[in-house]
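A.B. asks: Following this message is one structure expressed as structure tokens.
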Amino acid sequence: MFPIVQYQPLRLITPNTLSNMCLKLMFSRPVAFAQTWKSWLSSHSLIGNKNIILMGPPGAGKTTVGRIVGQKLDCPVIDVDDDVLETTWNMSVSEKLQDVGNEQFLEEEGKALLKLSASGSVISLTGSNPMHAASMQHVKQNGLVVYLDVPTAVIMRRLGVMRVDRIVGQGPGVSLKDILQFRKQFYKRWHDIRVLCAGENTAEAVAEKVIDAVKRYQNSESETFISTRASKSGNCKEKDSAKYFSDVVTEGLAADGGLFVPENGLPKLSSGEWQSLAEATYVERAQVILERCIHPADIPASTLGEIIGTAYGENFSCSKIAPVRHLTGNQFLLELFHGPTASFKDFALQMMPHIFAYCVPKSCNYLVLVATSGDTGSAVLDGFSRLRDADKQRIAVMSFFPEDGVSQIQKSQMIGCQKENARSIGVKSDFDFCQTAIKQIFTNSDYTGFLTIEYGTALAAANSINWARLLPQIVYHASAYLDLVHQDIIAFGSPVDVCIPTGNFGNILAALYAKMMGIPIRKCICASNENNVLTDFVRTGMYDLRGRRLVPTLSPAIDILKSSNLERYLHLIASGDGQLVSQLYNQLENQGHFQLQKKLLEKLQRDVVAGWCSEEDCLAAIHSVYSTTGYILDTHTAVAKVVADRLQDRTCPIIISSTAHYSKFAPAILRALRIAEIKQNPLSQLRLLSSYSPLPPVHWGLLETLKRNENEGHQICAADTSVLMSHIEALIQSHFM
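Below is the structure:
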């Protein structure tokens with residue numbers, strides 16, 4: 027038994043220190059706070075005066091792991107059960123529980139922990155300690171709380187072997203599994219670091235993971251971002267030039283016109299870690315994955331958990347958030363339309379506004395600009411309108427969309443999603459103009475400087491060029507695979523293909539990132555409509571815009587010729603050669619084309635295959651699937667279905683991303699189902715579709731939005747970047763001034 031060690035408390039960041047940091051922040055670039063905090067973290071040794079506090083359910087192995095960690099770090103080990111509770115009470119824990127009962131036991135346990143004073147130690151908590159807030163606040167003041175996250179099924183097996191059938195807090199009629207699930211909310215609230223413990227991990231292996239996780243927590247300097255166009259020799263390591271997650275969320279686009287990517291790539295989870303998530307909920311999976319991708323110095327784990335819980339709560343109509351549905355044969359649909367605006371964009375844009383509000387300095391106003399080919403507009407307007415009132419006062423959003431390049435329902439939805447801090451502008455051009463104009467505005471330093479000086483307002487991006495838009499999309503591709511494992515359709519490690527309707531390359535890039543992180547995706551199938559520049563590129567390596575005109579189709583969200591996120595993938599397969607990427611995109615901008623080198627094309631084709639779908643085949647697929655299954659595909663999903671039928675080899679399951687709800691494209695669906703087209707408003711079209719009792723039902727959120735906003739209007743502007751700038755200034759003046 028180790029003694030309780032008395033200590034002089036570590037000097038934490040005090041209110042005065044924090045105030046000084048905030049003053050400095052007000053007169054510096056947004057990066058200042060993140061760098062100051064990171065420098066403070068990295069200036070301390072692995073443990074120093076801090077304690078490592080192991081937290082987790084009974085049976086997680088906290089005591090054993092704690093002893094091993096203590097041995098490896100040559101520091102004292104304190105087991106709360108043995109060294110605190112029994113020492114304080116002069117009786118065993120079981121005797122105390124029997125003496126005072128469940129509720130009083132938690133209070134007595136908390137009081138004993140409040141007396142603990144230790145530094146530089148490894149402390150193993152009891153499974154019930156986190157249920158007492160005051161004592162947890164006490165120990166957390168001078169320690170890093172490490173959550174040993176063991177799957178409930180594994181804990182149940184371990185407790186069964188130990189012949190434990192009841193634990194503290196388990197009342198009459200409550201199962202052991204239910205109380206274990208109930209306790210997770212407290213572990214989620216208090217942890218700084220999560221260690222995902224696969225069932226087969228030994229205590230020695232878990233101890234190593236704990237030490238590695240603490241090292242990562244203390245060293246955020248390795249988790250920097252670079253531009254896709256930065257030369258390797260130009261990737262400076264000086265602290266003043268380093269970009270962190272909070273910086274890239276704020277800045278959106280790199281100064282050289284490139285896109286931000288993690289300098290050292292994405293983390294990879296082991297097969298055991300992935301398998302431990304098979305029984306988890308979507309929200310739990312999201313938190314585990316995103317904690318690995320976002321350093322806690324940028325967003326603490328508890329705050330990230332709150333953001334995720336808010337993003338994927340009652341605003342989604344399906345409790346599974348992103349369910350996987352069997353379609354036919356070996357084809358499965360990943361339904362990504364259960365969010366409030368009925369498209370896959372909700373997965374990022376219900377979360378990204380809260381991440382953005384947390385990361386950006388409070389001393390500045392922000393106007394978020396977004397170009398949309400349809401679905402992004404309503405999703406970004408809805409997402410930012412859900413911010414807290416205080417955040418809405420300092421953050422506004424403006425969406426530009428092609429006035430004649432979106433469906434009537436998409437347009438009505440964007441108009442209906444306008445709020446006091448959210449505006450939508452129709453542009454008399456196509457999506458490529460909108461996207462290019464926004465990039466030009468961002469890189470116009472004279473204009474952005476003028477907005478900052480004149481109005482105290484900075485511009486930010488919410489398109490998929492923003493890294494915070496991509497990360498949440500990785501989650502649903504991983505989750506879809508894990509659902510197939512959980513449903514015993516495949517064993518973990520068995521390959522799947524994914525087929526994704528693709529325009530801007532963000533969604534398919536997220537699937538490729540999931541593959542990098544350890545999800546066994548074999549091929550990513552890129553499905554294009556008649557704007558098939560990506561299909562040609564994947565097949566030939568030639569990205570050629572010469573003579574191409576954008577063709578308006580029934581799947582407008584992928585009516586795109588310039589695919590922004592392709593740049594990130596090219597940077598990846600080029601092994602981070604930013605100079606090459608810069609050359610390719612300069613050539614595309616100046617000459618309208620570029621040719622990929624043969625070796626890079628071969629690397630690309632190992633991951634990606636591509637096909638395209640005509641308008642006639644799209645409508646035929648919708649009719650065929652409805653006739654045979656009663657299920658209605660939207661036009662984008664139908665494009666993917668057609669391409670999947672042509673390209674899959676049927677040796678493994680294929681997951682087709684259903685990226686939007688058919689309700690958004692009612693005229694095309696009525697036409698595909700051979701129902702006489704009606705020349706009525708969007709609300710009437712949805713009511714007609716609903717009368718057929720379709721599967722899935724007409725989207726609830728879309729129907730409600732249209733009911734509320736049948737007669738609202740919107741602004742329309744010419745295809746002129748200077749005109750867009752005038753609308754930007756008008757919103758800044760009306761909202762912030």
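Numbered per this note's numbering, the sequence shown finishes at 763, counting up by one with no gaps. The beta-carbon is built from N, C-alpha and C at its ideal position, and this holds for glycine as well.
Which residue's Cα is closest to the Cα of F459: F427, Y688, I315?
C.D. replies: F427
A.B. asks: Leaving out five residues on either side along the sequence, give the residues of the same chain with a beta carbon under 8 Å from the beta carbon of D430.
C.D. replies: K454, P578
A.B. asks: Let me check understanding here. Comparing Cα to Cα, which of S296, H662, F620, Q376 lies closest to M543?
C.D. replies: Here the closest residue by C-alpha is S296.
A.B. asks: Is it the case that the Cβ atoms of N591 and S490 are separated by a distance below 8 Å?
C.D. replies: yes
A.B. asks: Quick one: which unbroken beta strand (DSSP E) runs of 3-plus residues sit fully inside the region 280-320? Chain order, please.
C.D. replies: 286-288
A.B. asks: To test your reading of the DSSP string, which unbroken beta strand (DSSP E) runs of 3 or more residues are found completely within the region 319-360?
C.D. replies: 350-354
A.B. asks: Can you list, in chain order, the residues of its chain with a C-beta nearer than 6 Å to that of L375? Leave out the 5 residues immediately preceding and following it.
C.D. replies: Excluding residues within five positions, the ones whose Cβ falls inside 6 Å are A405, V406, G409.
A.B. asks: My output table needs one value for E264: the three-state DSSP class, helix, strand or coil.
C.D. replies: Confidence at E264 is low in this model, with a pLDDT of 47, below 50, so its placement is unreliable and the value that follows should be read with caution. Of the three classes helix, strand and coil, the one that applies to E264 here is coil, per DSSP.
A.B. asks: Below 6 Å CB to CB, which residues in the same chain sit around K549 once its five sequence neighbours on both sides are set aside?
C.D. replies: D523, V635
A.B. asks: Nearest-angstrom Cα distance between I758 and Y481?
C.D. replies: 8 Å
A.B. asks: Buried or exposed: which applies to G291, given that a residue is buried once 16 or more other Cβ atoms fall within 10 Å of its Cβ?
C.D. replies: exposed
A.B. asks: Within 10 Å of its beta-carbon, does E593 have 16 or more other beta-carbons around it, so buried, or fewer, so exposed?
C.D. replies: buried
A.B. asks: What span of residues does the beta strand (DSSP E) with L395 cover, start to end?
C.D. replies: L395 -> beta strand (DSSP E) spans 391-397.
A.B. asks: Quickly, what does DSSP pair H619 with across the bridge? List them, please.
C.D. replies: D570
A.B. asks: Please go through the region 669-718 and give each complete alpha helix (DSSP H) segment of 4 or more residues, from N-terminal end onward.
C.D. replies: Qualifying alpha helix (DSSP H) stretches, in chain order: 692-698, 708-716.
A.B. asks: For N155, does the three-state DSSP call read helix, strand or coil?
C.D. replies: helix
A.B. asks: Comparing C-alpha positions only, which one of I584, F251, Q674, G153 sits nearest to D324?
C.D. replies: F251
A.B. asks: Work out the CA separation of L732 and V749 for me, nearest whole Å.
C.D. replies: Their Cα atoms are separated by approximately 29 Å.
A.B. asks: Give every residue of the same chain whose Cβ lies closer than 7 Å to the Cβ of T90, excluding the five residues on either side of it in the sequence, and list them in chain order.
C.D. replies: Take T90, set aside five residues on each side of it, and the residues of its chain with a beta-carbon closer than 7 Å to its own are A229, in chain order.
A.B. asks: Could you tell me if K276 is buried or exposed, where buried requires 16 or more neighbouring beta carbons within 10 angstroms of its beta carbon?
C.D. replies: The sequence given here has Thr at residue 276, not Lys. By the Cβ-count criterion, T276 is buried, with 16 or more other Cβ atoms from all chains shown falling within 10 Å of its own Cβ.
A.B. asks: Can you give the Cα-Cα distance for F131 and L123, rounded to whole angstroms?
C.D. replies: 6 Å
A.B. asks: Could you have a look at Y33 and say whether DSSP puts it in helix, strand or coil?
C.D. replies: Note that Y33 has pLDDT 30, beneath the 50 cutoff, so the model's placement of it is unreliable and no number is given.
A.B. asks: Thinking S373 and Q499 are a contact (beta carbons under 8 Å), I'd like their distance in whole angstroms, please.
C.D. replies: Rather than Ser, the amino acid found at residue 373 in this sequence is Phe. Rounded, the Cβ-Cβ distance is 6 Å, consistent with contact.
A.B. asks: From the DSSP output, in three-state form, read off S505 for me.
C.D. replies: helix
A.B. asks: Sorted by chain position, which residues of the same chain lie with C-beta nearer than 8 Å to V607's C-beta, five sequence neighbours on each side aside?
C.D. replies: T254, R255, G284, E593, L596, H597, A600
A.B. asks: Relative to the C-alpha of T661, which candidate in H687, A670, C678 has its C-alpha closest?
C.D. replies: H687
A.B. asks: Would you identify the three-state DSSP class for M543, choosing helix, strand or coil?
C.D. replies: Coil, per DSSP.
A.B. asks: Using 10 angstroms around the beta-carbon of A692, count the other beta-carbons present and answer buried if the total reaches 16, otherwise exposed.
C.D. replies: buried
A.B. asks: Using the beta-carbon count (16 or more within 10 Å), is S760 buried or exposed?
C.D. replies: exposed
A.B. asks: Would you tell me roughly how many angstroms separate the C-alpha atoms of Y435 and D401, rounded to the nearest one?
C.D. replies: One point to set straight first is that residue 435 is Ile, not Tyr, in the sequence displayed. Rounded to the nearest angstrom, the two C-alpha atoms are 10 Å apart.
A.B. asks: DSSP has F271 in a bridge; who is on the other side?
C.D. replies: The partner list for F271 (beta bridge, DSSP) is empty, contrary to what the question assumes.
A.B. asks: Which residue marks the beginning of the beta strand (DSSP E) containing G637, and which one marks its end?
C.D. replies: DSSP places G637 in the uninterrupted beta strand (DSSP E) bounded by 634-638.
A.B. asks: What is the rounded straight-line gap between the Cα of Y539 and the Cα of L174?
C.D. replies: 26 Å
A.B. asks: Under the three-state reduction of DSSP, which class applies to T178: helix, strand or coil?
C.D. replies: Reduced to three states, the DSSP call for T178 is helix.
A.B. asks: Hey, would you say S640 sits closer than 8 Å to E556, going by beta carbons?
C.D. replies: yes
A.B. asks: Report the residue ranges of all beta strand (DSSP E) runs contained in full by the region 472-500; include only those spanning at least 3 residues, in chain order.
C.D. replies: 483-487
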